Amino acid sequence: MQVEILTREDLKQFKTELLDELKEALNSRQYPPDKPWLKSTEVRKLLNISPGTLQTLRINGTLRSTKVGGSLYYKYEDILKVLEENSH
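The sequence shown begins at 11 in this note's numbering and counts up one residue at a time.
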C-alpha cells in the first residue's frame, strides 16, 4: 500500500480549488432578484453540504440566518460574501 503525505500547502490549494468550484456553481445558478432569501434546503443543495455542516456554519457565525416561524432563511448575498471572504 502506497502512502501519500499531504502538506499544509496541499490543503490550502485544495481549499482554494473547492471555493472556486463553489463560486462557479453559485454563479451558474443565478437566483432571480425577486428571491433574495433562500431556505435551508436550497442553501444545502446550492453548496452541496449536509444539514450538520449548515448548522455549524450558522452556530459559529460564518453564515447568518433569519428564523421566520419554524423555517430558517439565508440571504443569497451573504452566501456569496462568505465565499469571497474565505477565498485567497
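Just so it is clear, CB atoms sit at the ideal spot from N, CA and C, and this is done for glycine as well. Given the structure is predicted, the values throughout are model-derived calculations rather than measurements.
With a CB to CB cut of under 7 Å and the five nearest residues on each side skipped, what residues in its chain are close to Ser50? Taking the first residue of the sequence shown as position 1, residue 50 is located at position 40. Within the same chain, Ser50 has close Cβ partners Leu64, Leu82.
Under 8 Å between the Cβ atoms of Lys33 and Leu93? Here residue 33 refers to the residue found at position 23 when the sequence shown is read from its first residue. Here residue 93 refers to the residue found at position 83 when the sequence shown is read from its first residue. In this structure, Leu93 lies closer than 8 Å to Lys33 by Cβ.
Using DSSP's beta-bridge definition, name the partner residues of Lys77. In the sequence shown, counting from the first residue as 1, residue 77 sits at position 67. Partner(s): Leu82.
Alpha carbon to alpha carbon, what distance is there between Glu14 and Arg68? Residue 68 sits at position 58 when you count from the first residue of the sequence shown. Residue 14 sits at position 4 when you count from the first residue of the sequence shown. Between Arg68 and Glu14, the C-alpha separation is close to 34 Å.
Does DSSP put Leu48 in a helix, in a strand, or in coil? As a first step, residue 48 is located in the sequence shown; it is residue number 38 there, counting from the start. Leu48 falls in the strand class under three-state DSSP.
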